[in-house]
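K.L.:
Before we start, here is the structure in question, set down as structure tokens.
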Ligand SMILES: [Zn+2]
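Residue numbers (my numbering): 600 to 937.
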């Protein structure tokens with residue numbers, strides 16, 4: 600009796616496991632899965648020079664919490680006889696190649712590749728950086744399957760200090776794209792600055808925490824939904840924009856809530872919740888009759904506890920007793936509604 604019970608549990612587990620694999624939208628980008636082991640973080644993350652592993656996570660983890668790291672730095676597992684990393688880098692999900700930079704001198708990301716995915720109604724981008732080599736036959740527009748090897752891990756970067764052998768890692772991001780008009784907007788907003796990467800400039804890609812995505816989908820299995828994950832981000836602040844037609848609305852419809860009054864009277868603007876990294880994670884349409892203020896962008900509220908925890912993007916600022924949109928916050932909303 601006991602044996603049969605054990606057997607059936609085993610089968611149930613395998614079936615469940617099978618469903619996990621089918622349902623998981625995001626695959627680990629290398630064979631390093633130590634994140635899933637209790638206390639495995641040290642084997643998974645690479646910290647910055649002389650700093651603990653936690654500085655290799657996503658978030659306000661650099662420069663005493665005042666600098667954002669928009670991805671995960673994942674430790675290499677395999678090296679050649681010279682100690683160079685040789686881990687295959689794998690597509691996190693089925694998708695399309697949209698960009699690669701094969702001139703390391705043009706970016707602190709060195710050689711990197713960007714894939715576009717459609718997951719749970721969202722257009723999501725994955726980015727893999729510091730690569731030694733991108734697979735030769737990959738072309739822009741080419742389809743890749745989840746888990747396909749797309750590159751070899753490396754140490755490329757244009758920073759003066761470079762990346763040492765012992766810190767070899769892949770920098771991995773999961774991003775949402777703000778606006779395909781970015782190159783034009785950037786040229787107007789910053790006429791003297793160079794933009795070598797078109798719409799694939801880091802300022803136009805807003806990352807979500809891949810560590811939480813990987814852990815949550817492991818925990819929730821088939822119940823995990825990436826749109827819910829983004830919608831449930833903690834709010835840093837809430838803003839009202841007087842704009843009713845901008846690319847984010849078309850690219851991320853699952854993030855838009857309903858408002859019968861605005862549906863009846865016409866949408867004049869959106870009330871938007873931003874998370875600490877500036878991701879517009881919830882948008883509520885507003886009718887003209889609901890918008891009292893004439894300003895193009897209005898800061899409605901700030902979650903001070905969230906700001907204390909994660910201030911590094913400097914989207915808002917407290918002047919005396921009043922919160923205001925900081926320059927970064929204003930630029931983000933300009934780009935969002937451009
Ligand atoms: Zn990194």
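C-beta atoms are modelled at their ideal positions from N, C-alpha and C, and glycine is treated no differently.
Taking residue 744 as the reference, which of 930, 626, 927 has the closest Cα?
P.N.:
The shortest Cα separation from residue 744 among 930, 626, 927 belongs to 626.
K.L.:
Out of 798, 677, 903, 797, point me to the one whose CA is closest to residue 917's CA.
P.N.:
Per the Cα distances, 903.
K.L.:
Is it the case that the CB of residue 672 approaches a heavy atom of ligand 1 more closely than 8 angstroms?
P.N.:
Checking the Cβ of residue 672 against ligand 1 gives yes.
K.L.:
Taking residue 893 as the reference, which of 842, 748, 855 has the closest Cα?
P.N.:
Ranking 842, 748, 855 by Cα distance to residue 893 puts 842 first.
K.L.:
Quick check on the DSSP output: the beta strand (DSSP E) that includes residue 750 runs from which residue to which?
P.N.:
Residue 750 -> beta strand (DSSP E) spans 748-752.
K.L.:
Three or more C-beta pairs closer than 8 angstroms, one from the region 774-791 and one from the region 681-693: is that the case here?
P.N.:
No, the region 774-791 is not in contact with the region 681-693.
K.L.:
Run through DSSP, which three-state label would residue 706 get?
P.N.:
Three-state DSSP puts residue 706 in coil, outside helix and strand.
K.L.:
Between 866, 770, 831, 825, which has its C-alpha nearest residue 845's C-alpha?
P.N.:
Here the closest residue by C-alpha is 866.
K.L.:
Is any heavy atom in ligand 1 found nearer than 8 angstroms to the beta carbon of residue 551?
P.N.:
What is shown of the chain runs 600 to 937, which leaves residue 551 out entirely.
K.L.:
Is any heavy atom in ligand 1 found nearer than 8 angstroms to the beta carbon of residue 761?
P.N.:
Every heavy atom of ligand 1 is 8 angstroms or more from the Cβ of residue 761, so no.
K.L.:
For residue 932, does the three-state DSSP call read helix, strand or coil?
P.N.:
Note: residue 932 maps to helix in three-state DSSP.
K.L.:
Among 932, 794, 929, 661, which residue has its Cα nearest to the Cα of residue 946?
P.N.:
The chain is shown only over 600 to 937; residue 946 falls outside these bounds and no answer can be derived.
K.L.:
Among the candidates 630, 778, 879, whose CA atom is the shortest distance from the CA of residue 674?
P.N.:
Selected option, being the one with the closest Cα: 630.
K.L.:
Suppose you measure from the CA of residue 923 to the CA of residue 898; what does that come to, to the nearest Å?
P.N.:
So the alpha carbons of these two residues sit roughly 7 angstroms apart.
K.L.:
Name the residue from 665, 653, 811 whose alpha carbon lies nearest to the alpha carbon of residue 913.
P.N.:
Taking only the C-alpha atoms, the option nearest residue 913 is 665.
K.L.:
For residue 731, I'd like the list of residues in its chain whose CB is within less than 6 angstroms of its CB, leaving aside the five on either flank, ordered along the chain.
P.N.:
Cβ neighbours of residue 731 beyond the five flanking positions: 751, 753.
K.L.:
Which whole-angstrom value describes the C-beta separation of residue 657 and residue 670, a residue pair presumed to lie in contact below a C-beta threshold of 8 angstroms?
P.N.:
So it is a contact: roughly 6 angstroms between Cβ atoms.
K.L.:
Nearest-angstrom Cα distance between residue 856 and residue 830?
P.N.:
Approximately 10 angstroms, taken between the alpha carbons.
K.L.:
Check whether the Cβ of residue 728 sits closer than 8 angstroms to any heavy atom of ligand 1, and report yes or no.
P.N.:
Under cutoff, so the answer is yes.
K.L.:
What would DSSP say about residue 927, mapped onto helix, strand or coil?
P.N.:
It is helical.
K.L.:
Excluding the 5 residues preceding and the 5 following residue 621 in the sequence, name in chain order all residues of the same chain whose CB lies nearer than 6 angstroms to its CB.
P.N.:
Any answer about residue 621 is weak, because its pLDDT of 46 lies below 50 and its placement is not dependable; what the coordinates show is given next. Answer for residue 621: no residue qualifies.
K.L.:
Under the criterion of a Cβ to heavy atom distance below 8 angstroms, does residue 893 qualify as lining ligand 3?
P.N.:
Ligands present in the displayed structure are limited to ligand 1, and ligand 3 is not among them.
K.L.:
Answer with buried or exposed for residue 781, where buried requires no fewer than 16 other C-beta atoms within 10 angstroms of its C-beta.
P.N.:
By the neighbour-count rule (16 or more Cβ atoms within 10 Å), residue 781 is buried.
K.L.:
Roughly how many angstroms separate the alpha carbons of residue 886 and residue 850, rounded to a whole number?
P.N.:
Roughly 22 angstroms separates the two Cα atoms.
K.L.:
Cα separation between residue 609 and residue 820?
P.N.:
For residue 609, the predicted structure reports a pLDDT of 36, less than 50, and the residue's modelled location is therefore unreliable. The matter cannot be settled from this model.
K.L.:
Using the three-state DSSP reduction, which class does residue 917 fall into: helix, strand or coil?
P.N.:
The answer is strand: DSSP assigns residue 917 an E or B state.
K.L.:
Going straight from the alpha carbon of residue 716 to that of residue 801, what length do you get?
P.N.:
In a straight line, the C-alpha of residue 716 is about 18 angstroms away from that of residue 801.
K.L.:
Would you report the Cα separation of residue 826 and residue 848, rounded to the nearest angstrom?
P.N.:
Straight-line Cα distance between these residues: approximately 14 angstroms.
K.L.:
In three-state DSSP terms, what is residue 643?
P.N.:
The answer is helix: DSSP assigns residue 643 an H, G or I state.
K.L.:
Does the Cβ of residue 935 have 16 or more other Cβ atoms within 10 Å, making it buried, or fewer, making it exposed?
P.N.:
Per the 10 Å Cβ criterion, buried.
K.L.:
Could you tell me the alpha carbon to alpha carbon distance between residue 643 and residue 859, rounded to whole angstroms?
P.N.:
Near 47 angstroms, if we compare the C-alpha coordinates of residue 859 and residue 643.
K.L.:
Name the DSSP bridge partner or partners of residue 666?
P.N.:
According to DSSP, which records beta bridges pairwise, residue 666 is partnered with 661.
K.L.:
Provide the residue(s) that pair with residue 870 in DSSP beta bridges, ordered along the chain.
P.N.:
Its beta-bridge partners are 839, 883.
K.L.:
So, using beta-carbon positions, are residue 756 and residue 706 closer together than 9 angstroms?
P.N.:
A contact, by the Cβ cut-off of 9 angstroms.
K.L.:
In the DSSP assignment, find the unbroken beta strand (DSSP E) run with residue 816 in it and report its ends.
P.N.:
Here residue 816 belongs to no beta strand (DSSP E); instead the alpha helix (DSSP H) covers 809-819.
K.L.:
Verify whether the separation of the beta carbon atoms of residue 624 and residue 816 is less than 9 angstroms.
P.N.:
In contact: residue 624 and residue 816 (Cβ atoms closer than 9 angstroms).
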